[in-house]
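Below: the structure, in structure tokens.
Chains as they are written, first to last, in full-length UniProt numbering: chain A, 1 to 274; chain B, 1 to 274; chain C, 1 to 274; chain D, 1 to 274; chain E, 1 to 274; chain F, 1 to 274.
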């Protein structure tokens with residue numbers, strides 16, 4: 001039980017980042033390099049040349065054989081791939097449902113033991129903005145997209161119960177350079193806090209199957225990470241830095257506007273129509 | 001607010017039973033006739049000639065256009081179609097995930113307002129047999145099949161939150177002529193009790209989105225329907241009728257056998273392998 | 001600690017029944033006689049001559065001095081007095097708020113130690129009919145009347161916390177000869193079960209401050225008395241006796257009718273207008 | 001869904017502050033001016049001349065017709081009026097029960113949509129000082145005054161359920177220049193924090209029916225606002241500034257003194273006597 | 001996974017009953033014989049000659065070496081030994097604390113896998129008679145005796161967490177020929193129901209670490225076995241058979257008598273003195 | 001109810017610190033002096049000469065008569081005595097079970113009213129490191145030592161329920177100069193924070209029976225003191241000061257190592273063997 005600090009070099013040999021050409025993928029590409037000797041980047045689109053310490057694999061997650069190769073030699077996965085907006089059901093199913101099924105089958109074969117799954121607040125978007133949620137709250141998807149994220153969370157739960165593969169599901173709020181509307185004052189997650197949350201999720205001694213809300217230290221929030229303090233995530237940023245963008249005197253959607261009532265915001269206006 | 005008894009004839013004009021050629025479909029075919037002028041029966045296999053009061057439609061649930069036609073004129077749906085055992089992921093996805101997405105899109109178009117969804121105890125099969133579950137317990141799928149049932153429950157929740165379409169998800173235990181093993185002493189649901197549960201779910205004044213466990217009045221149980229007593233379901237049968245089949249002196253799987261530890265039973269031995 | 005059965009005669013010397021000329025008051029007048037040497041009956045209207053074993057006091061509960069006299073020599077109270085339907089606020093305040101304040105002040109002075117307060121399901125009428133409530137559920141009054149019942153429950157709680165005066169608040173469902181509409185199939189309380197519930201509430205060794213739902217053993221219910229089994233109340237009747245009055249083929253208010261959505265039923269159509 | 005910042009000037013046209021001549025009313029009179037073009041001040045006593053940006057209305061809340069006029073043209077209400085100490089029941093009923101009934105009837109007529117109700121810790125004063133409460137804890141009034149505050153909270157809940165009128169009930173602790181005794185080290189609410197809490201309650205995009213505890217960031221507390229973080233209230237002050245007033249070496253009421261056992265403090269010594 | 005009924009003869013080879021000369025030990029001696037080829041009986045006092053199918057071992061549970069021998073060859077234990085009334089601490093510690101430590105050490109060595117531990121309602125006797133408890137309620141011992149039962153429950157939990165040894169802790173109410181006082185109307189457990197509960201606890205496929213309340217189907221109860229329905233225990237008897245012994249007109253301890261307030265009854269008058 | 005600051009000198013006349021020669025005893029010896037005129041120090045080993053303001057008593061807690069003398073004249077107790085590591089059961093029983101029984105009997109006789117009991121995280125060590133515990137979580141002892149701490153907590157609960165003697169049970173994490181391994185990053189309690197926690201526990205106006213986790217303001221934690229904020233304990237230190245000792249690149253026990261899975265860490269490798 002002595003815990004000598006024997007290891008040298010970077011903690012992981014190879015981390016896979018899927019969706020590496022997407023919005024958050026680009027943000028993370030360099031930030032995750034300290035964590036692994038090699039960062040493997042995948043996306044369905046062409047990403048050009050690999051830089052030092054990178055491997056680049058173009059890959060459609062719906063193609064199982066390719067995904068199985070993608071995972072070979074991978075210690076840990078940051079799964080940011082797939083569709084990230086509301087769309088008709090079938091493309092979401094291919095990318096986010098079949099995609100995640102292929103991913104877990106592949107990482108199980110590969111012996112990967114730690115996964116970070118980019119879930120979304122849209123898995124719980126039909127809860128009201130006057131409710132406080134935690135990791136145990138029931139899911140309430142607000143869109144096909146949200147449904148696919150619930151599916152991914154459940155797939156990861158299944159692989160944990162059956163094979164002990166650990167996953168942290170991060171229900172990301174709004175990770176952008178700054179809040180684009182009043183709602184995002186509650187859901188804002190700075191890029192630095194996102195990175196720190198991923199670091200915590202990768203390096204916590206044990207995570208089992210953890211569901212955590214991805215948000216900065218905002219003043220007004222709807223989510224409470226109290227139950228998952230084992231991760232050790234302490235956000236450093238806050239949307240209050242941007243409070244001047246949304247003064248009390250501005251006009252906002254009315255309290256009984258559907259985007260104000262429910263946490264999912266404008267996703268409730270997309271998808272199958274009323 | 002007077003509630004004069006004005007209506008005559010059968011309560012529904014047309015009920016759709018999917019999976020009508022399956023095990024429970026055959027059981028239900030005649031039992032549901034008193035509830036509707038017309039019973040529309042569908043299955044992916046050929047069902048022969050329609051009998052009086054029936055309409056028969058052969059239909060693959062993964063084919064959206066066909067499903068849209070299938071729902072036309074339908075007041076209420078008993079959704080027993082799809083795959084009902086563990087299989088590789090893709091066929092389950094086609095029948096149970098794409099199938100249920102097509103179904104809800106179609107019934108929303110058709111104006112159907114009440115759905116009974118045949119969910120399964122395998123949506124919660126990774127809970128232990130020493131735990132007591134109710135409608136609020138978190139799902140713990142024990143198989144791809146179980147995952148697809150969780151997905152169907154969530155799809156129905158989404159259509160309820162968005163469009164007010166009411167669904168009762170019945171997590172069916174073991175609905176067979178008699179318990180086939182000791183585990184089924186806890187999960188047994190007689191055909192009569194199944195029929196009564198469906199009747200309650202169809203005729204309760206309001207069900208919203210209800211999750212109910214489908215079990216008879218067995219002595220040893222893992223599930224409690226206390227939270228959904230608005231359905232008015234009172235089982236009349238019990239597995240204790242069959243207690244003589246499983247005397248104390250018989251040999252059963254050991255307490256630390258995976259099929260004894262978890263509620264899902266032998267489904268934990270199927271699916272992706274250890 | 002020996003518990004010799006020494007007492008003879010009736011258990012109480014004098015029970016007061018308020019609202020004795022009201023609907024339930026008349027039902028109870030004779031049924032409660034075995035419990036006390038003298039039954040004192042009060043109402044705001046004239047009740048004629050007292051019969052054997054009775055005392056009759058005409059009394060407006062809003063008149064404190066009269067109420068103080070009314071309680072003299074009273075061992076236990078069954079408080080059924082006051083307004084029992086929706087009305088403008090001021091008459092409800094006089095009868096049900098000032099009335100209950102006077103009552104507790106008076107019974108505290110008189111040394112009365114056990115009170116049964118006829119509360120109402122309208123104290124929780126804005127809960128949905130798909131919710132299961134128990135004694136700990138938050139109140140959701142559906143009317144000024146319901147508000148006054150919540151007030152009475154809180155007044156009795158206050159006198160319990162401060163002076164140890166024990167009250168059982170009975171949230172009466174629908175106590176009529178038979179269910180008058182489909183909703184009452186869930187809320188029905190037979191006269192015999194009402195009487196038995198009162199008996200249990202009076203004679204349980206200790207009740208502290210108990211909230212119990214007054215309903216018979218109906219099939220479909222929204223309330224669970226599990227938490228107050230110390231009362232020992234076991235209903236013998238059930239609305240299922242009247243199931244034939246409300247066949248599945250009859251027409252009822254729609255699932256999205258306000259009287260179907262909420263437990264309070266038609267009280268939601270009374271009161272201050274939409 | 002674009003959220004252009006179009007509005008100019010102050011956020012509200014007219015805010016009504018009742019109880020404007022009371023202790024907290026005077027504190028708030030100038031502090032709330034930035035929030036509205038016009039601040040209407042009312043009290044039962046004469047308040048002298050209106051200053052710039054003010055309207056002054058002398059008004060007895062128990063007089064419905066006057067209250068209806070008082071609310072005309074009012075966007076939002078800060079209801080600090082009524083009796084604020086323990087008294088015999090009838091004056092409390094007039095000011096705090098009839099008063100609040102009149103107020104809600106009037107503001108419903110006037111189309112007012114947001115109310116801040118000055119509730120009190122005496123609504124929960126019979127909880128013990130070793131208990132942690134949140135917005136869902138049951139009420140335990142410690143006085144007639146506390147009972148009237150519970151009534152006001154329930155009235156506001158009723159108007160929310162029925163008409164969608166949003167209210168924030170602030171269970172104010174001890175809002176004074178400094179803690180006057182050891183108990184107030186737990187219940188202290190600075191004037192600045194009170195003001196900020198009111199601002200949050202007025203300007204949060206949606207509040208539904210919210211119950212929040214009014215306290216500063218004190219070290220020892222009995223209340224947790226975790227469930228209502230949607231308000232975005234972050235106190236800046238703390239009673240620890242005044243810790244030197246109550247050193248460990250001082251003498252305080254004994255642990256088994258009724259004012260130490262229960263949260264309500266000395267209110268438990270007022271009211272109807274033991 | 002086939003569950004052929006192959007075993008013949010009695011279910012267990014050897015069951016140990018400790019405390020066999022005690023009140024309940026004598027009741028059980030013959031009733032448990034169908035469950036094992038051999039019943040080993042132990043007690044600290046002499047029990048005379050063994051009858052057919054019995055082994056008799058005189059044994060002080062505080063003597064570890066003897067206890068280790070006592071458990072040799074034992075499949076399952078019914079632990080009814082030790083002190084069963086309030087006494088000074090040291091004799092209780094020897095028999096019930098050191099005794100249970102010796103027992104678990106010995107049965108772990110012996111490879112015994114299922115234990116029934118006769119715990120007591122005095123493990124929770126300081127809960128009020130107006131509270132409803134279940135298997136998750138916190139313990140509130142009412143005596144040194146009650147403390148020793150809590151200790152036994154925790155010891156068995158420890159051996160389950162560490163070694164997987166399954167124990168059912170039965171918090172026995174009042175198991176006598178008939179209720180001896182009014183309190184026992186709530187706590188009564190008939191001998192037949194006790195026997196059936198033990199049978200369920202021994203033969204349930206898996207029990208893990210289960211806490212169950214030992215009571216018959218009484219009308220007034222304080223305990224709910226809802227969470228442990230996996231045991232399949234359905235009591236057949238009820239104290240209502242004896243209701244005539246305690247008519248409403250009899251005199252009982254007052255509602256504010258300590259034996260009426262708390263579940264532990266007269267144990268609260270024993271032990272260290274007030 | 002005036003709270004004049006009348007008392008002079010130190011708050012307590014005499015505090016007893018047991019286990020004064022142990023690791024934490026030595027740390028506390030001088031730190032607690034400001035709280036009492038006299039600090040009585042006891043231990044089973046010789047402690048040499050008393051310094052100013054001290055009394056020294058060598059005492060075996062298993063010897064009741066000596067313990068009774070030890071408590072004479074004692075206002076408050078800090079109970080740090082007994083065995084503090086895993087050992088065979090009997091010595092733990094003598095020191096920690098008989099010892100604590102003697103202590104409470106003695107302090108009850110002496111009229112002592114406030115006790116701080118040094119409990120341990122090993123009372124809950126069989127909870128997983130992915131679980132969040134609070135004061136209400138069930139105990140899960142991970143050793144005989146942990147069992148003895150659960151016993152002490154229950155003994156103090158019993159004396160509170162029976163005699164109103166107040167105890168704060170501090171489940172101490174890892175109170176050392178710095179974290180000795182990665183696990184202690186979660187359980188670290190600095191000496192200053194320990195001292196402050198004891199001060200809060202001694203001087204809070206009322207503590208009843210409080211269970212609090214002894215930890216500093218660490219980033220990753222498994223315990224939440226939210227429910228006991230009445231103590232007013234705000235840690236000032238954090239294990240994050242020592243984060244450099246355990247960089248992400250170091251090697252730690254695997255996620256499925258028993259010392260990583262469970263909160264108790266290496267105590268799970270001691271005690272009775274697997």
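We put the CB at the ideal spot given by N, CA and C, even for glycine.
Look at residue 147 of chain C: its C-beta is not under 8 Å from any C-beta on chain E. Annotated three-state conformation of residue 150 of chain F is helix, per DSSP.
Residues of chain A with a Cβ closer than 7 Å to the Cβ of residue 206 of chain D are, in chain order, 129, 130, 255, 260, 261. Exposed is the label assigned to residue 52 of chain C, since fewer than 16 other Cβ atoms lie within 10 Å of its Cβ.
In the structure shown, residue 55 of chain C falls within a strand segment according to DSSP collapsed to helix, strand and coil.
Remark: C-beta atoms of residue 61 of chain C and residue 48 of chain C do not approach each other more closely than 8 Å.
For the options E:227, E:215, E:118, E:18, the alpha carbon positioned closest to that of residue 41 of chain E is the one of E:18. For residue 142 of chain C, the closest Cβ of chain B is not nearer than 8 Å.
C-alpha of residue 97 of chain F to C-alpha of residue 152 of chain F: approximately 7 Å in a straight line.
Residue 262 of chain E has its alpha-carbon roughly 6 Å from the corresponding atom of residue 127 of chain E. At a cut-off of 8 Å between C-beta atoms, residue 35 of chain F does not count as an interface residue with respect to chain A. Near chain B, meaning a CB-to-CB distance below 9 Å, the residues of the segment 209 to 240 of chain C are 218, 219, 220, 221, 222, 223, 224, 226, 240. Counting along the chain, the unbroken beta strand (DSSP E) around residue 78 of chain E starts and ends at 76 to 79. Within chain E, 89, 272 have C-beta atoms less than 9 Å from the C-beta of residue 105 of chain F, given in sequence order.
Residue 185 of chain B is not a Cβ neighbour of residue 148 of chain B, given a cutoff of 8 Å. At least one CB atom of chain B sits nearer than 8 Å to the CB of residue 151 of chain A.
Counted as a single uninterrupted DSSP element, the stretch harbouring residue 13 of chain C is not any alpha helix (DSSP H) but the beta strand (DSSP E) occupying residues 12 to 18.
Buried is the label assigned to residue 196 of chain C, since at least 16 other Cβ atoms lie within 10 Å of its Cβ.
Burial check for residue 136 of chain D: the Cβ neighbour count within 10 Å stays below 16, so the residue is exposed. At a beta-carbon threshold of 9 Å, none of the residues of chain B lie near residue 58 of chain A; the nearest stands roughly 23 Å away.
Shown here is that no member of the segment 60 to 72 of chain C has a Cβ falling below 8 Å from a Cβ of chain D.
Within chain A, the C-beta atoms nearer than 7 Å to that of residue 11 of chain D come from 248, 249, in chain order. With the rule of 3 Cβ pairs closer than 8 Å, the segment 246 to 255 of chain E counts as touching the segment 192 to 206 of chain C. Residue contact check for residue 166 of chain C against chain E: a CB pair falls below 8 Å. Under the Cβ criterion of 8 Å, residue 182 of chain D is counted among the residues facing chain F. Here DSSP, grouped into helix, strand and coil, assigns residue 221 of chain F to coil. Taking the beta carbon of residue 85 of chain F as reference, no residue of chain E falls within 8 Å; the closest one sits roughly 17 Å away. Rounded to the nearest whole angstrom, the CA to CA distance from residue 33 of chain E to residue 171 of chain F is 46 Å.
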